[in-house]
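To keep things clear, I will list the structure first and then write my remarks on it.
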Amino acid sequence: MVGALSGNLAMEATYLKAINQALHEEMARDENVFVMGEDVAELGGAFKVTEGLLTAFGEERVIDTPISESLIVGAGVGAAVLGMRPVVEMQFADFISCGFDQIVNTAATLSYRHGGKASCPMVVRAPSGAGVHGALFHSQNPEAWFTRVPGLKVVAPATAYDAKGLLKSAIRDDNPVIYFEHKRLYRSIKEDLPDGDFTVPLGKAEVRREGRDLSIITYGGTLHQSLDAARIVEKEDGLSVEVLDLRTLLPLDREAILATARRTGKVLVVHEDRLTGGIGGEIAAIVADEAFDYLDGPVRRLAALDTHVPFAPPLEEFVLPNTNKIVEAIRNLAAY
Amino acid sequence: MAEQDGSAAPAPVAARAAQDVELYYRMKLVRAFEERVSRLHRQNKILGGVYSGAGQEALVVGICAPLEPGDFTAPLHRDLGVFLMRGVDPGRLMAQLMGKETGLSRGKDSFLHGGDIAHGVFGSSSMLGSSLPVACGAALKFKIKRERHIAVAFFGEGASSRGDVHEAMNFAGVQKLPVLFVCENNRYAYSTPFEKQTSIENIADRAAAYGFRGHVCPGNDLLAVVGLAERVIDSIRAGGGPGLIECKTYRWRGHSEHDPALYRDQEELLEWESRDPIPLFEFYLDKRGHDINRLRAETDEKVNTTIQAAVDFADRSPYPEPEEALEDLYVGQGAAPGAPSAAVNGRRPIR
Ligand SMILES: Cc1ncc(C[n+]2csc(CCOP(=O)(O)OP(=O)(O)O)c2C)c(N)n1
Numbered sequence: 004m005v006g007a008l009s010g011n012l013a014m015e016a017t018y019l020k021a022i023n024q025a026l027h028e029e030m031a032r033d034e035n036v037f038v039m040g041e042d043v044a045e046l047g048g049a050f051k052v053t054e055g056l057l058t059a060f061g062e063e064r065v066i067d068t069p070i071s072e073s074l075i076v077g078a079g080v081g082a083a084v085l086g087m088r089p090v091v092e093m094q095f096a097d098f099i100s101c102g103f104d105q106i107v108n109t110a111a112t113l114s115y116r117h118g119g120k121a122s123c124p125m126v127v128r129a130p131s132g133a134g135v136h137g138a139l140f141h142s143q144n145p146e147a148w149f150t151r152v153p154g155l156k157v158v159a160p161a162t163a164y165d166a167k168g169l170l171k172s173a174i175r176d177d178n179p180v181i182y183f184e185h186k187r188l189y190r191s192i193k194e195d196l197p198d199g200d201f202t203v204p205l206g207k208a209e210v211r212r213e214g215r216d217l218s219i220i221t222y223g224g225t226l227h228q229s230l231d232a233a234r235i236v237e238k239e240d241g242l243s244v245e246v247l248d249l250r251t252l253l254p255l256d257r258e259a260i261l262a263t264a265r266r267t268g269k270v271l272v273v274h275e276d277r278l279t280g281g282i283g284g285e286i287a288a289i290v291a292d293e294a295f296d297y298l299d300g301p302v303r304r305l306a307a308l309d310t311h312v313p314f315a316p317p318l319e320e321f322v323l324p325n326t327n328k329i330v331e332a333i334r335n336l337a338a339y
Numbered sequence: 005m006a007e008q009d010g011s012a013a014p015a016p017v018a019a020r021a022a023q024d025v026e027l028y029y030r031m032k033l034v035r036a037f038e039e040r041v042s043r044l045h046r047q048n049k050i051l052g053g054v055y056s057g058a059g060q061e062a063l064v065v066g067i068c069a070p071l072e073p074g075d076f077t078a079p080l081h082r083d084l085g086v087f088l089m090r091g092v093d094p095g096r097l098m099a100q101l102m103g104k105e106t107g108l109s110r111g112k113d114s115f116l117h118g119g120d121i122a123h124g125v126f127g128s129s130s131m132l133g134s135s136l137p138v139a140c141g142a143a144l145k146f147k148i149k150r151e152r153h154i155a156v157a158f159f160g161e162g163a164s165s166r167g168d169v170h171e172a173m174n175f176a177g178v179q180k181l182p183v184l185f186v187c188e189n190n191r192y193a194y195s196t197p198f199e200k201q202t203s204i205e206n207i208a209d210r211a212a213a214y215g216f217r218g219h220v221c222p223g224n225d226l227l228a229v230v231g232l233a234e235r236v237i238d239s240i241r242a243g244g245g246p247g248l249i250e251c252k253t254y255r256w257r258g259h260s261e262h263d264p265a266l267y268r269d270q271e272e273l274l275e276w277e278s279r280d281p282i283p284l285f286e287f288y289l290d291k292r293g294h295d296i297n298r299l300r301a302e303t304d305e306k307v308n309t310t311i312q313a314a315v316d317f318a319d320r321s322p323y324p325e326p327e328e329a330l331e332d333l334y335v336g337q338g339a340a341p342g343a344p345s346a347a348v349n350g351r352r353p354i355r
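Here the protein sequences line up with chains A and B, keeping their order. For the numbering used here, count along the first sequence from 1 and bump the result up by 3. For the numbering used here, count along the second sequence from 1 and bump the result up by 4.
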């Protein structure tokens with residue numbers, strides 16, 4: 004990280020601001036990049052992620068659409084096939100279901116059906132995640148609907164640096180990328196970001212904290228809870244926990260997953276998406292398959308319970324993972 | 005059609021006066037409920053997204069007034085008035101908004117996503133427009149079973165851009181379903197003005213493309229809405245096929261209570277605030293010879309008592325137990341306290 008004393012280089016930015024900067028910079032860099040979605044222009048988006056774009060780039064490149072998710076994605080595909088680089092927004096990730104067909108059937112299969120000769124450089128931004136009293140339809144983590152669809156790439160940044168760098172990479176990528184941004188992180192995390200252009204490669208995980216006793220593999224909103232939990236058990240139990248941030252969910256960074264599993268011999272997967280059918284099952288299978296000989300215990304998963312994200316605060320708390328639940332899961336696995 | 009319960013029908017004039025007083029009470033109840041909800045949100049007693057329907061009460065009351073027990077309604081996200089009009093208990097509705105155990109969804113979902121099938125109120129998902137196909141299905145049941153009921157689906161002019169809305173209207177036309185589509189055109193879909201939503205002047209004009217009639221109506225004029233609703237609903241009930249009513253109205257508050265709505269013109273807001281449906285109806289009541297000052301005082305007292313009782317009930321109600329998060333995923337796993345089964349009753353029509 005660039006230090007604050009190095010002059011004008013470092014700039015503190017929230018996760019939200021980092022996404023906004025990436026959009027500004029990519030639109031300035033490439034005139035084929037444009038933004039489209041509900042309330043993205045005049046309002047600057049429901050969360051203000053696209054604020055300032057209309058003033059900077061005008062209404063031909065920052066487009067308020069009718070409430071039509073299928074159209075938003077489908078039109079994105081059409082423009083992308085002809086060389087534009089649309090960044091389309093779902094107002095909440097929950098509503099991505101209304102654009103589902105265009106994503107999994109039109110966009111994801113495009114290259115395959117055209118013999119690798121048609122590209123779809125489109126990014127679908129989707130604010131996801133729970134913990135903000137959003138209840139059933141404003142809390143979803145629908146990443147696993149997409150992580151089993153070949154032809155798509157799926158990313159889920161957990162830091163401001165990655166939010167910016169991964170969005171830039173996603174925009175420059177020639178394939179459709181679903182970009183899940185966690186709502187709870189928007190204003191709750193801040194970092195110094197280097198000035199100037201930087202990218203974060205798609206498909207590469209990152210070790211956020213090195214450790215010897217146990218590995219947590221996570222992404223998105225639960226990264227921060229996992230890091231907090233790792234600090235707590237280090238202090239209170241003397242446990243050394245490694246934390247791997249997946250960053251990209253499709254394609255998975257198998258190397259990094261296996262490396263951490265082999266290093267510590269114990270793996271706990273944590274995600275806010277629900278347990279059954281979540282990406283944790285896939286990771287457990289990869290580890291069991293290819294790192295079995297290194298394991299000192301079962302691969303464990305901590306995820307949202309197999310229900311909908313409910314509204315009443317005691318219910319929501321019960322369903323979602325949090326730091327305390329992660330601490331408990333670490334202790335259980337460490338004691339195995 | 006009013007229910008015949010064996011007693012002699014009241015004289016027309018007296019019946020009309022009683023109906024007017026009832027409509028007035030309902031409209032004031034909905035307004036007061038809306039205002040109380042906004043206040044409870046500011047006090048952090050109602051969490052999450054709160055979408056006010058203040059200013060749009062006349063259309064909700066007017067469309068629901070002629071409905072009969074057994075009719076099906078699918079309200080949109082700001083239509084708490086539909087719940088009150090169909091006879092859902094105000095206390096349970098308030099408990100729903102607060103996420104309490106006694107709420108319609110037993111604390112599972114927020115705001116108006118909990119329904120009450122016993123009162124003919126379908127709890128819609130957040131996916132705008134998705135309740136229109138559902139209303140077609142309800143209407144299909146009425147058609148197959150030769151029941152004289154109708155289904156009513158409310159949607160915003162914003163939601164009208166969803167494919168589901170097209171699919172529903174097309175099917176309704178083909179099948180001549182007993183369904184009424186009600187477009188609440190309040191000029192804004194979040195920040196997006198009507199002109200950016202569609203390039204035509206009236207959503208109601210689309211009905212022609214599906215083979216049924218569309219009607220445009222001044223949505224803040226309760227008399228106009230009730231008059232039109234009675235006519236259209238009678239025709240649908242009599243087998244005349246679907247209908248579409250577009251009520252021109254205005255959203256007084258922001259999209260949600262979080263939204264200061266800076267994107268719209270203050271002049272426009274002022275203009276529409278002065279088209280408040282309540283004084284307009286009071287003017288009519290006065291012309292009809294009601295002692296409006298007395299009626300207002302009596303109505304306000306009744307309304308306040310009802311709302312306070314609802315708030316007290318919701319306040320006193322506990323949150324659900326954490327483990328209940330795993331209940332109700334499948335039917336019959338945990339029944340709502342006192343909830344009837346699928347048996348349909350509901351309020352008598354106000355007519
Ligand atoms: C499919 C879908 N897309 C987006 C949203 C987010 N959203 C909620 S309300 C709203 C505006 C709705 O406008 P309108 O249908 O006109 O109803 P109004 O809120 O004006 O009553 C939007 C965009 C949603 N709920 N569902």
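Glycine is no exception: its CB is placed at the ideal position from the N, C-alpha and C atoms. Predicted model only: the values in this text are computed from it and were never measured.
- With respect to the 7 Å criterion, residue 353 of chain B and residue 62 of chain B are not classified as neighbours on the basis of their beta carbons.
- Distances from the CB of residue 131 of chain B to the heavy atoms of ligand 1 include at least one below 6 Å.
- Counting only runs of 4 or more residues that sit fully inside the region 286 to 331 of chain A, the alpha helix (DSSP H) segments are 316 to 322, in chain order.
- By the Cβ neighbour-count rule, residue 86 of chain A is exposed, with fewer than 16 other Cβ atoms within 10 Å of its own.
- Under DSSP, residue 54 of chain A shares a beta bridge with no residue.
- Counting along the chain, the unbroken beta strand (DSSP E) around residue 131 of chain A starts and ends at 126 to 131.
- Close to chain B, meaning a Cβ-Cβ distance shorter than 9 Å, are the following residues of the region 314 to 332 of chain A: 314, 315, 316, 317, 318, 319, 320, 321 and 322.
- Taking non-hydrogen atoms of ligand 1 into account, the C-beta of residue 171 of chain B is found less than 6 Å away from none of them.
- In terms of beta-carbon proximity, residue 278 of chain B stays away from the interface with chain A, with every pair separated by 7 Å or more.
- DSSP, read as helix, strand or coil, puts residue 252 of chain A in strand.
- Annotation for residue 95 of chain A: no beta strand (DSSP E) segment contains it, and DSSP assigns it neither H nor E.
- Only residues of its own chain outside the window of five on either side were considered, and among them 106, 107, 110, 111, 149, 178, 179, 180, 181 and 253 have a CB closer than 8 Å to the CB of residue 155 of chain A, listed in chain order.
- Comparing alpha-carbon positions, the option among A:101, A:227, A:279 and A:88 lying closest to residue 124 of chain A turns out to be A:88.
- A residue is called buried when at least 16 other Cβ atoms come within 10 angstroms of its Cβ; residue 58 of chain A does not meet this threshold and is exposed.
- Remark: C-beta atoms of residue 305 of chain A and residue 332 of chain A approach each other more closely than 7 Å.
- Take residue 136 of chain A, set aside five residues on each side of it, and the residues of its chain with a beta-carbon closer than 8 Å to its own are 314, 316 and 319, in chain order.
- Judged by the Cβ position, residue 210 of chain B fails to qualify as a neighbour of ligand 1 at the 6 Å threshold, every heavy atom of the ligand being at least this far.
- Secondary structure of residue 181 of chain A (DSSP, three-state): strand.
- Taking a Cβ-Cβ threshold of 8 Å, the residues of chain A close to residue 117 of chain B are 138, 139 and 140, in chain order.
- Straight through space, the alpha carbons of residue 165 of chain B and residue 60 of chain B are spaced by roughly 21 Å.
- Taking 8 Å as the upper bound on Cβ-Cβ separation, chain A lies near residues 51, 52 and 53 of the region 27 to 53 of chain B.
- When CB distances to chain B are screened at a threshold of 8 Å, the residues of the region 24 to 42 of chain A falling below it are 41 and 42, in chain order.
- For residue 32 of chain B and residue 334 of chain B, the gap between their C-alpha atoms comes out near 38 Å.
- Taking all protein chains in view, the Cβ of residue 37 of chain A is crowded by 16 or more other Cβ atoms within 10 Å, so the residue is classified as buried.
- Assigned with DSSP and collapsed to three states, residue 252 of chain B falls in strand.
- Within 6 Å of the C-beta of residue 295 of chain A there is not a single heavy atom belonging to ligand 1.
- Bridge partners of residue 67 of chain A according to DSSP: A:40.
- At a threshold of 6 Å, residue 190 of chain B counts as near ligand 1, since its beta carbon sits closer than that to one of the ligand's heavy atoms.
- Between ligand 1 and the CB of residue 47 of chain A, the shortest heavy atom gap is not smaller than 6 Å.
- Checking the DSSP bridge columns, you'll see residue 192 of chain B partnered with B:197.
- Here residue 218 of chain B carries a strand assignment [DSSP, helix/strand/coil].
- Not one heavy atom of ligand 1 falls within 6 Å of the beta-carbon of residue 143 of chain A.
- When DSSP reads this structure, residue 162 of chain A sits in no beta bridge, so it has no partner.
- Cα atoms of residue 271 of chain B and residue 194 of chain B: separation of roughly 18 Å, rounded to the nearest angstrom.
- When C-alpha distances from residue 330 of chain B are compared across A:307, A:128, A:103 and A:145, the shortest belongs to A:307.
- If you draw a straight line from the Cα of residue 321 of chain A to the Cα of residue 227 of chain B, it comes to about 49 Å.
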